[in-house]
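Right, one structure below, let's go through it.
In the working numbering, the protein residues as written are 37 to 234.
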């Protein structure tokens with residue numbers, strides 16, 4: 037009788053352990069970040085006094101399903117004039133949810149930053165400076181100067197948005213910081229816009 041009772045207790049314990057190990061916990065949902073469908077670069081000419089003149093013209097990268105790092109959305113070529121200076125602003129949106137992601141990037145400016153890379157900077161075709169309000173290094177508003185002496189008419193500009201980076205990392209306050217990965221964080225956007233210079 038004692039053996040039967042021991043066997044019953046062992047079986048009960050074994051079954052309880054089996055049920056406990058079979059229970060599946062719901063995996064936590066990963067935070068994939070915001071869905072971005074459109075990135076628009078807006079340019080307006082600046083005169084010698086740095087006052088805005090002329091009309092705003094825009095160039096867009098878009099994917100109606102969402103722009104993902106490593107995938108190729110539809111990207112318009114940027115056409116600019118040699119020897120001109122421009123204000124360049126960036127708008128980021130989610131057309132699926134009709135959301136303005138630009139506002140969120142601005143609200144979380146301490147955690148986000150755009151970097152601008154590529155042949156246009158390596159060849160001194162462009163120079164770029166952050167022009168965000170309050171002197172923050174963010175990149176939603178910038179000043180772009182196009183060289184008048186450049187011999188090439190075609191180039192490209194890579195636009196990278198990082199978040200959770202160390203903005204105090206040496207060199208990270210430079211919009212053309214090629215080693216931006218060393219400042220840590222993750223990439224939200226990585227787009228290359230073709231550039232045509234007239």
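The C-beta atom is built at its ideal place from N, Cα and C for all residues, glycine as well.
The model shown is predicted, which means the values in this text are computed figures rather than measured ones.
By a beta-carbon distance limit of 8 Å, residue 170 does not contact residue 199. Their separation comes to about 19 Å. Counting only runs of at least 3 residues, the segment 135 to 174 fully encloses the following beta strand (DSSP E) elements, listed from N- to C-terminal order: 148 to 153 and 162 to 166. Considering only 103, 190, 131 and 201, the residue with the shortest C-alpha distance to residue 226 is 103. If you draw a 10 Å sphere on the C-beta of residue 211, you find 16 or more other C-beta atoms in it, and that means buried. In this structure, residue 116 places its C-beta atom within 8 Å of the C-beta atom of residue 182. With respect to residue 124, residue 180 sits close: the two C-beta atoms are nearer than 8 Å. Residues 201, 202, 205 and 208 of the same chain have their beta carbon placed closer than 6 Å to that of residue 219, with the five preceding and five following residues left out of the count. Segment contact: the segment 76 to 96 against the segment 146 to 165, fewer than three CB-CB distances shorter than 8 Å; contact not assigned.
CA-CA distance, residue 160 to residue 152, rounds to 13 Å.
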